[in-house]
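Data first, discussion second: the structure below is written as structure tokens.
In the UniProt record's numbering, the protein residues as written are 1 to 344.
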């Protein structure tokens with residue numbers, strides 16, 4: 001099958017990782033994969049992927065961008081066009097009628113603005129929550145998947161985690177892997193960490209760094225909170241943690257959670273969509289509840305054996321469903337289904 005993938009992002013994160021993993025794996029399976037991406041992203045794909053560069057820094061309303069995208073897709077002549085996330089889906093929805101090709105979009109979060117997916121022939125959501133905000137009868141949930149080949153063994157990962165902080169390693173080590181923005185609610189996590197008998201390593205940077213450090217000053221002085229800044233390839237270090245904490249108010253299906261679970265690292269999370277779908281109730285707490293989060297973490301640390309049965313089932317599920325191969329197989333199956341329906 002000839003597949004045209006569109007990514008209109010000019011950033012770096014889980015969306016871009018999803019695009020790379022999916023396209024490289026589809027090409028490895030023998031599909032004729034063409035990607036339309038911003039020039040900054042063009043060199044990242046395997047040689048089997050056909051890359052077409054297009055300046056995506058322009059507005060989704062830019063007539064020249066729409067005309068160039070239409071012309072490029074027509075020249076590729078794919079069996080199906082697949083747009084990744086809202087901007088690409090918006091572009092595709094505007095030219096869909098002129099293309100006369102099967103169209104699919106993947107929604108990566110639960111943003112309220114999702115009308116651009118309604119006119120497409122099919123929609124993939126990276127979580128059930130993401131699917132739920134789309135008004136389209138033909139939709140399927142396909143969770144993000146990862147490959148763990150690059151992860152370190154536990155001892156090496158632990159050594160590197162401790163080296164990037166002044167944590168002694170004598171207490172349990174928790175990690176929070178997040179961009180330091182309001183929706184991630186690191187402020188809530190810091191509230192919950194008062195008197196916690198564990199070290200918290202915060203891996204990430206962002207506009208709230210100074211504010212959060214000021215809030216955490218007493219905890220930093222006590223030596224049980226450590227701001228490590230942005231860490232390249234942070235996923236490879238996750239096996240060195242005893243558990244991960246997600247304190248967000250909103251998430252799609254975060255790669256950090258997927259990578260932790262596939263590495264056998266427990267995750268305690270607020271009730272974001274991904275947690276509700278993947279984690280047992282024993283590992284979840286209400287949104288915005290600092291006291292509840294503190295109590296959950298303290299109980300987990302004091303009685304880890306109480307969670308083992310839930311964790312064993314969770315890790316088995318993660319290994320089966322949250323890998324790149326499974327994600328790609330499910331995505332291709334849906335693309336083929338939409339294409340078959342459109343051609344009847």
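Built from N, CA and C at the ideal position, the CB exists for glycine as well. As the structure is a computational prediction, the values presented were derived from the model and not from experiment.
Nearest residue (CA-CA) to residue i, options the options
i, options, result
"residue 275", "244, 291 and 300", "244"
"residue 131", "253, 293 and 294", "253"
"residue 106", "265, 267, 22 and 49", "22"
"residue 40", "8, 298 and 25", "8"
"residue 307", "286, 290, 281 and 29", "281"
"residue 310", "266, 319 and 271", "266"
"residue 286", "303, 246, 316 and 63", "246"
"residue 51", "62, 63 and 32", "32"
"residue 303", "283, 277, 249 and 30", "283"
"residue 239", "92, 288 and 155", "155"
"residue 151", "294, 264, 300 and 297", "264"
"residue 317", "340, 277 and 232", "277"
"residue 42", "5, 100 and 91", "5"
"residue 74", "222, 98 and 189", "98"
"residue 164", "76, 237, 217 and 100", "237"
"residue 211", "194, 190, 222 and 100", "190"
"residue 321", "46, 147 and 15", "147"
"residue 47", "30, 55 and 217", "30"
Where residue i falls: helix, strand or coil (DSSP)
i, result
"residue 244", "strand"
"residue 80", "strand"
"residue 113", "coil"
"residue 299", "helix"
"residue 312", "helix"
"residue 139", "strand"
"residue 281", "helix"
"residue 331", "helix"
"residue 94", "helix"
"residue 208", "coil"
"residue 50", "strand"
"residue 227", "strand"
"residue 69", "helix"
"residue 180", "coil"
"residue 199", "strand"
"residue 323", "strand"
"residue 259", "helix"
Pairwise C-alpha distance: residue j and residue i
i, j, result
"residue 49", "residue 323", "20 Å"
"residue 192", "residue 136", "40 Å"
"residue 187", "residue 25", "38 Å"
"residue 219", "residue 234", "23 Å"
"residue 12", "residue 38", "12 Å"
"residue 344", "residue 337", "11 Å"
"residue 224", "residue 196", "8 Å"
"residue 262", "residue 44", "24 Å"
"residue 87", "residue 58", "11 Å"
"residue 328", "residue 127", "15 Å"
"residue 347", "residue 102", "Because the chain spans 1 through 344 in this model, residue 347 falls outside it and cannot be assessed."
"residue 181", "residue 104", "30 Å"
"residue 72", "residue 204", "37 Å"
"residue 250", "residue 145", "20 Å"
"residue 78", "residue 34", "8 Å"
"residue 158", "residue 241", "7 Å"
"residue 301", "residue 294", "11 Å"
"residue 162", "residue 18", "29 Å"
"residue 139", "residue 333", "12 Å"
"residue 113", "residue 183", "17 Å"
"residue 248", "residue 95", "36 Å"
"residue 314", "residue 268", "12 Å"
"residue 297", "residue 171", "14 Å"
"residue 153", "residue 325", "22 Å"
"residue 185", "residue 232", "22 Å"
"residue 290", "residue 273", "18 Å"
"residue 1", "residue 129", "29 Å"
"residue 176", "residue 115", "33 Å"
"residue 279", "residue 67", "44 Å"
"residue 20", "residue 271", "29 Å"
"residue 340", "residue 84", "21 Å"
"residue 335", "residue 111", "23 Å"
"residue 100", "residue 288", "46 Å"
"residue 16", "residue 312", "30 Å"
"residue 207", "residue 342", "45 Å"
"residue 27", "residue 319", "23 Å"
Assumed close pair residue i, residue j - CB separation to whole angstroms, cut-off 8 Å
i, j, result
"residue 167", "residue 199", "4 Å"
"residue 36", "residue 65", "At roughly 11 Å, the Cβ-Cβ gap does not stay under 8 Å, so residue 36 and residue 65 are not in contact."
"residue 142", "residue 117", "With 8 Å as the limit, residue 142 and residue 117 do not qualify as a contact, their Cβ atoms being about 14 Å apart."
"residue 346", "residue 331", "With the chain covering only 1 through 344, there is no way to say anything about residue 346."
"residue 82", "residue 3", "6 Å"
"residue 93", "residue 119", "5 Å"
Residue i at chain B interface by Cβ criterion, 7 Å
i, result
"residue 268", "In the structure shown, chain B cannot be found, because there is only a single protein chain."
Would you call the stretch 246-264 and the stretch 216-231 touching, i.e. three or more CB-CB distances under 8 Å?
Judged by Cβ distances under 8 Å, the stretch 246-264 makes no contact with the stretch 216-231, as fewer than three pairs qualify.
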